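Asker: Please read through the structure below; I'll follow up with questions.
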Amino acid sequence: MTMFLNSLRLAIRSTLANKMRSFLTMLGIIIGVMSVVVLVSIVQSTTSSVSSAIASMGSDLITVSVTDEDVVLDADDYMPLANYSAISGVAPYLTVSSTARSGSNYTSVSAIGVTGEYMDVAGRDLESGRGIVASDLDWRTYTAVIGTEVAGELYENFDVIGKTFTMSGHTFTIVGLLTESGSSTDSQILIPLTTAQRISDSTSISSCYVQASSTNNVSQAQALTEQQMLSLTGDEDSYDVYNMSEILDTMDDVMSTLSLMLGGIAAISLLVGGIGIMNIMLVSVAERTREIGIRKAIGARRSHIMMQFLIEACVLSILGGLIGLGLSALGLQIFAAIADMTISLEWRAALGSLLFCMIIGVAFGSYPAAKASKMTPIDALQRN
Amino acid sequence: MLQLEHIFKTYYVGDETVHALDDASLHVRPREFVAICGPSGSGKTTLMNVMGCLDLPDSGRYLLDGVNIAECSDKELSLIRSEKIGFVFQQFNLLDSMSALENVELPLIYQKLSQKERLERAKAALDQVGLSNRMQHRPSQLSGGQQQRVAIARALASNAKVILADEPTGNLDSKSGTDIMRLIQRLSQEQNTIVLITHNDEVARQAQRTVYVRDGRLYNSIEEAEIV
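Those protein sequences? They're chains A and B, same order as listed.
Residue numbers for the first sequence follow the numbering used here, beginning at 1 and rising by one.
Residue numbers for the second sequence follow the numbering used here, beginning at 1001 and rising by one.
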């Protein structure tokens, strides 16, 4: 143990003695760790924000979207689906991209024209106020239920019920505030479907949520929906019907493959960093041949010399790893601020890359260390 | 203490065969101060390397404190070097990155002593060579004579039974050389076994006994050596 501490002290001292060289050697590791941690963290954070948005909608949700622009359906075309016992709710909706203004504040939003059922079906909850109701649709009122991010952008507080804002040339009165979801739905505004149709000057509804009555008959509900869509359009290529959990699974697959691939590519740069360490350790062994000779002459064993150089390689790689981690955390915060996203450091990637650094230290330090330890004392002493 | 019997050691330099040690036999008794004297290339450094367990002979038997060196593993040889032998080299061979104190402590680290014990022994050794006021100096901040005294302190600190000194005054001016020889004389009187290697007859004369080396062979008197 004392031996180990002494070697560690020596290794730190020799690392500090050649600051520039040590830093350049560590740079390979630093860049490697940063690329692994930053890339994996960004991919994972993006995935988790998208999947939490999808998951909040529920796995019993079926999404219908008409892809053929020539097909014109209105809300009533979807409603017969509600008569099936496998289906508990149908919510046709229409998305309008626009800008909402209040005083000097403005923000771009997606305004979604919805029916009274939409919030139940899509799994949205109210923080305060009320939702869009049937009479709003009948009267085509300019009422709106807004997400927390919209509230923040427009009013800088959540006390928004009864306030007004303008959008697409109309003044809307806020009647409700949605519960914060932490995903892109926070920047949505819900308005009556009929009002949305008027704003967009179109009655065509190309999207609809269908909710299965239980998670067990999702596939039955999906089949019924597809059947209905086929009879409405007569062309099975003009629409898509899919289940949220399917999308979630597919996306998870794609994202984990992606992060594995990015992580793998970044790991190659770590490997290159490791080779840099081996290179510098070989130089260090050559430079310190005489020192090795002296140490051996006064009683150092092979294992002592081996340990000394191995620890030095590990100090370089682990220190590089830690600096890389620190810079990654910093870089991610900057990135999150710029991209306006919540990105958390991916701990598994961080621990993994630190572990990898240790392995690199041992693996790439072994050869130079073994080379040093195998020198005979007189050979080492006689070299200058 | 040191018993060499019919030691042979041959080097091959290119096509040439160098008999560095040719049937060398020598017995150094405990507390004896022996000088080994010979011109350069006579094989005296090889002799010292063999005696210091830095090098193994091709043939012959070498007993150090009753232990047959030929039968020792690499690990055991390290242990012998650590505990029984203290080296003093012509080029001092101190580590430049460390202070005088740390240099003296170094062999004690390999002896696995506690930090407290190491410090005590290292300080005592430096005190013995009169350098207690230079403990924190780096070798590069010390004069040659002082560096050699640090090296001697390093040999003393490990409580070595045998001190092997290879031309300890070779790189020093005559005054520092005299100081070092006086120190070695004193260590001899303090019951240390000392083997001193030199090409300088005057230095050799200060030992209790002188062995002469010529072409790898050992002789007990200069006349004997000269005849050959």
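Even glycine gets a Cβ: it sits at the ideal position worked out from N, Cα and C.
It should be emphasised that the depicted structure is a prediction, and the values quoted were computed from it without experimental measurement.
Which value, in whole angstroms, describes the spacing of the CA atoms of residue 239 of chain A and residue 228 of chain A?
Answerer: C-alpha separation (whole angstroms): 11 Å.
Asker: For the beta strand (DSSP E) containing residue 1037 of chain B, list its first residue and its last residue.
Answerer: 1033–1037
Asker: Who does residue 188 of chain A pair with in a DSSP beta bridge?
Answerer: Answer is A:110, bridged to residue 188 of chain A.
Asker: According to DSSP, simplified to helix, strand and coil, what is residue 1009 of chain B?
Answerer: strand
Asker: Starting from residue 1063 of chain B, trace the beta strand (DSSP E) both ways and give me its first and last residue.
Answerer: 1059–1064
Asker: For residue 1044 of chain B, which residues of its own chain have a beta-carbon under 6 Å away from its beta-carbon, when the five flanking residues on both sides are left out?
Answerer: 1036, 1038, 1197 and 1213
Asker: Note down, in chain order, every chain B residue with its Cβ under 7 Å from the Cβ of residue 18 of chain A.
Answerer: Chain B residues near residue 18 of chain A: none, gap ~11 Å exceeds 7 Å.
Asker: Measure the C-alpha to C-alpha separation of residue 133 of chain A and residue 353 of chain A and round it to an integer number of angstroms.
Answerer: 53 Å
Asker: Got a sec: does the ligand FMN put a non-hydrogen atom nearer than 7 Å to the Cβ of residue 1210 of chain B?
Answerer: You won't find the ligand FMN in this model; it holds no ligand whatsoever.
Asker: Would you report the Cα separation of residue 218 of chain A and residue 122 of chain A, rounded to the nearest angstrom?
Answerer: 15 Å
Asker: In the DSSP assignment, find the unbroken beta strand (DSSP E) run with residue 1128 of chain B in it and report its ends.
Answerer: Premise fails: residue 1128 of chain B lies in the alpha helix (DSSP H), 1115–1128, not in any beta strand (DSSP E).
Asker: Take residue 303 of chain A and list the residues in its own chain whose beta-carbon comes closer than 8 Å to its own, dropping the five residues that flank it on each side.
Answerer: 373
Asker: Under 8 Å between the Cβ atoms of residue 235 of chain A and residue 74 of chain A?
Answerer: no
Asker: Can you pull the DSSP bridge partners for residue 1086 of chain B?
Answerer: B:1163
Asker: Starting from residue 378 of chain A, find everything on chain B with Cβ-Cβ shorter than 8 Å and list it in chain order.
Answerer: Neighbours of residue 378 of chain A on chain B, chain order: 1049, 1054 and 1055.
Asker: For the region 1100–1119 of chain B, list every residue whose C-beta sits within 8 Å of some C-beta in chain A, in sequence order.
Answerer: 1106, 1107, 1109, 1110, 1111, 1112, 1114 and 1115
Asker: Classify residue 161 of chain A as helix, strand or coil using the three-state DSSP reduction.
Answerer: Correct three-state label for residue 161 of chain A: coil.
Asker: Using CA atoms only, rank isn't needed, just tell me which of B:1034, B:1027 and B:1055 is closest to residue 1010 of chain B.
Answerer: B:1055
Asker: What residues are listed by DSSP as bridge partners for residue 66 of chain A?
Answerer: In the DSSP assignment, residue 66 of chain A forms a beta bridge with A:239.
Asker: For residue 1022 of chain B, which three-state DSSP category applies?
Answerer: strand
Asker: For the beta strand (DSSP E) that residue 1092 of chain B lies in, which residues bound it at each end?
Answerer: For residue 1092 of chain B, there is no enclosing beta strand (DSSP E), as DSSP marks it with neither H nor E.
Asker: Based on Cα-Cα distance, which residue from A:368, A:17 and A:37 lies nearest to residue 349 of chain A?
Answerer: A:37
Asker: What three-state label does DSSP hand residue 1171 of chain B in the structure shown?
Answerer: coil
Asker: Mind checking residue 1049 of chain B: buried by the 16 CB within 10 Å criterion, or exposed?
Answerer: buried
Asker: Residues of chain A with CB under 9 Å from residue 1154 of chain B, in chain order?
Answerer: For residue 1154 of chain B, the neighbours in chain A by C-beta distance under 9 Å run, in chain order, 298.
Asker: With three or more beta-carbon pairs closer than 8 Å as the criterion, would you say the region 106–120 of chain A touches the region 147–154 of chain A?
Answerer: yes
Asker: Please report the residue range of the beta strand (DSSP E) in which residue 1193 of chain B lies.
Answerer: 1193–1198
Asker: When the Cα atoms are used, what is the spatial distance from residue 1168 of chain B to residue 269 of chain A?
Answerer: Looking at the two C-alpha atoms, the distance is approximately 51 Å.
Asker: Thinking just about the alpha-carbon of each residue, which of A:167, A:165, A:166 and A:161 is nearest to the one in residue 177 of chain A?
Answerer: Taking only the C-alpha atoms, the option nearest residue 177 of chain A is A:161.
Asker: So, does the CB of residue 307 of chain A fall closer than 8 Å to a CB anywhere in chain B?
Answerer: no
Asker: Tell me, please, whether the CB atom of residue 1081 of chain B is closer than 8 Å to any CB atom in chain A?
Answerer: yes
Asker: To the nearest whole angstrom, what separates the beta carbons of residue 1007 of chain B and residue 1057 of chain B, a pair I think is in contact under 8 Å?
Answerer: 5 Å
Asker: Find out if the Cβ-Cβ distance for the pair residue 1111 of chain B, residue 299 of chain A is shorter than 8 Å.
Answerer: yes
Asker: Straight-line CA distance for residue 328 of chain A to residue 314 of chain A?
Answerer: 20 Å
Asker: So residue 208 of chain A is in the alpha helix (DSSP H); what residue range does that whole segment cover?
Answerer: Segment 207–212 is the beta strand (DSSP E) holding residue 208 of chain A; no alpha helix (DSSP H) there.
Asker: Residue 2 of chain A touches chain B at which residues, Cβ-Cβ below 8 Å?
Answerer: 1109, 1112, 1114 and 1115
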